[in-house]
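Participant: In my numbering, the protein residues as written are 1006 to 1317.
Note that beta-carbon positions come from the ideal geometry of N, C-alpha and C, so glycine has one too.
Computed from a predicted structure; not experimentally measured.
Following this line, the structure appears as structure tokens:
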């Protein structure tokens, strides 16, 4: 998805429950990529129509809205309320970037099992002042309606604001799909005694250093740069892994792959469907390889795709 950050709006909602039919919006918060957070609070339990109208008016000029797991909760909830009040559904015409959906394919690369926004915030070193969980926010809101205690309101507003602050931080982790898509340039490349190494400049910096390693290859990122290494195999060869194994057969006896279109020329017993770890060709690089920009980019891009994808 191509987008200009000036056209993007981060958003998050709090509600009294999970069902839009049975629950109400308590707060809607949003913030531009470089601006202050704006929040609309349901002061009396009956103002969700007004805060929804205010939010829709505020975001009308933004082309992309950004959330964490909003495709599963925030957006359907808002859409249901838009229909309930007969508002024009201006949200449906916007691009929606759900960071949870975008990052979950890389969950095996992160050092945590639970995949909540708070886990990403901890990973990025973000410390919250807010201590409320989602369930506690609901209880705090119910208490606010009964008591009018401004301290409770402040806690709810802080929780929503820090959700938005964290959302903006997690957005930086789109460096993962950026890297996998090949958004890097080769700064240098050389052969060393054990293999091949290259320095890369990354289009989107990594907010936290990352290390990927598999089958004699590794990639270490540090902010806007990365170092790739690949060990030589027998006869000083390297493996070029291809990202589309479903299109190939692997021949175990010969340790090569062939396109499936050529499968009819090979005995069925001599071939098996290729898998990510068995979809490569071996080559012995010459000095010319170091100066072949296209070949280098292709080899590095495909190697990084292999490193970033789960094992077979």
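Please check the pair residue 1073 and residue 1122, which I expect to be a contact at CB under 8 Å, by giving their CB distance rounded to whole angstroms.
Facilitator: Locating residue 1073 in the chain shown gives position 68, where the first residue counts as 1. Locating residue 1122 in the chain shown gives position 117, where the first residue counts as 1. Going by Cβ atoms, the distance from residue 1073 to residue 1122 rounds to 5 Å, so yes, they are a contact pair.
Participant: Roughly how many angstroms separate the alpha carbons of residue 1222 and residue 1039, rounded to a whole number?
Facilitator: On the chain shown, position 217 is the one that residue 1222 refers to. On the chain shown, position 34 is the one that residue 1039 refers to. Roughly 38 Å separates the two Cα atoms.
Participant: What residue ranges within the region 1238-1289 form continuous beta strand (DSSP E) runs of no fewer than 3 residues, ordered along the chain?
Facilitator: 1243-1246, 1253-1256, 1261-1264 and 1285-1288, all fully within the region 1238-1289.
Participant: Could you tell me which residues DSSP puts in a beta bridge with residue 1056?
Facilitator: Counted from its first residue, the chain shown places residue 1056 at position 51. Answer is none; residue 1056 lacks a bridge partner.
Participant: Would you list, in sequence order, the uninterrupted beta strand (DSSP E) runs of no fewer than 3 residues that lie entirely inside the region 1011-1070?
Facilitator: 1013-1020, 1030-1037 and 1043-1046, all fully within the region 1011-1070.
Participant: Helix, strand or coil: how does DSSP classify residue 1137 here?
Facilitator: Taking the first residue of the chain shown as 1, we reach residue 1137 at position 132. Residue 1137 falls in the coil class under three-state DSSP.
Participant: Is it the case that the Cβ atoms of residue 1201 and residue 1242 are separated by a distance below 8 Å?
Facilitator: To locate residue 1201, count along the chain shown from 1; it is residue 196. To locate residue 1242, count along the chain shown from 1; it is residue 237. No. Outside cutoff.
Participant: Indicate whether residue 1217 and residue 1224 have their beta-carbon atoms separated by less than 8 Å.
Facilitator: As a first step, residue 1217 is located in the chain shown; it is residue number 212 there, counting from the start. As a first step, residue 1224 is located in the chain shown; it is residue number 219 there, counting from the start. The answer is yes: Cβ separation under 8 Å.
Participant: Give the DSSP-derived three-state secondary structure of residue 1081 in the structure shown.
Facilitator: Here residue 1081 refers to the residue found at position 76 of the chain shown. If DSSP states are grouped into helix, strand and coil, residue 1081 belongs with the helices.
Participant: Quick check on residue 1277: buried or exposed, where buried means 16 or more other Cβ atoms within 10 Å of its Cβ?
Facilitator: One-based indexing of the chain shown puts residue 1277 at position 272. Burial call: exposed.
Participant: Count the other C-beta atoms from every protein chain shown that fall within 10 angstroms of the C-beta of residue 1171, then say buried if there are 16 or more, exposed otherwise.
Facilitator: Translated into the one-based positions of the chain shown, residue 1171 becomes position 166. Counting Cβ neighbours within 10 Å, residue 1171 comes out buried, since at least 16 surround it.
Participant: By Cβ distance below 6 Å, which residues in the same chain neighbour residue 1282 in space, the five residues on each side in sequence not counted?
Facilitator: The sequence position of residue 1282 within the chain shown is 277, counting from 1. Cβ neighbours of residue 1282 beyond the five flanking positions: 1317.
Participant: I'd like the list of long-range same chain contacts for residue 1057, defined as Cβ closer than 6 Å, with 5 residues on each side in sequence excluded.
Facilitator: Locating residue 1057 in the chain shown gives position 52, where the first residue counts as 1. The residues are 1086.
Participant: Among 1129, 1145 and 1128, whose alpha-carbon lies nearest the alpha-carbon of residue 1136?
Facilitator: As a position in the chain shown, residue 1136 is number 131, starting the count at 1. Closest option to residue 1136, Cα to Cα, is 1145.
Participant: For residue 1182, which of helix, strand or coil comes out of DSSP?
Facilitator: Counted from its first residue, the chain shown places residue 1182 at position 177. Of the three classes helix, strand and coil, the one that applies to residue 1182 here is helix, per DSSP.
Participant: Could you pull the start and end residues of the alpha helix (DSSP H) that residue 1159 belongs to?
Facilitator: Stepping through the chain shown from its first residue, residue 1159 is reached at position 154. 1155-1175 is the span of the alpha helix (DSSP H), which, as asked, contains residue 1159.
Participant: Can you find the residues in the same chain that come closer than 6 Å, C-beta to C-beta, to residue 1219, ignoring five residues on each side of it along the sequence?
Facilitator: The residue labelled residue 1219 in the question sits at position 214 within the chain shown. Taken in chain order, the residues that qualify are 1312.
Participant: Mark residue 1205 as exposed unless 16 or more other C-beta atoms lie within 10 angstroms of its C-beta, in which case mark it buried.
Facilitator: Taking the chain shown and counting its residues from 1, one reaches residue 1205 at position 200. Under this definition residue 1205 is a buried residue.
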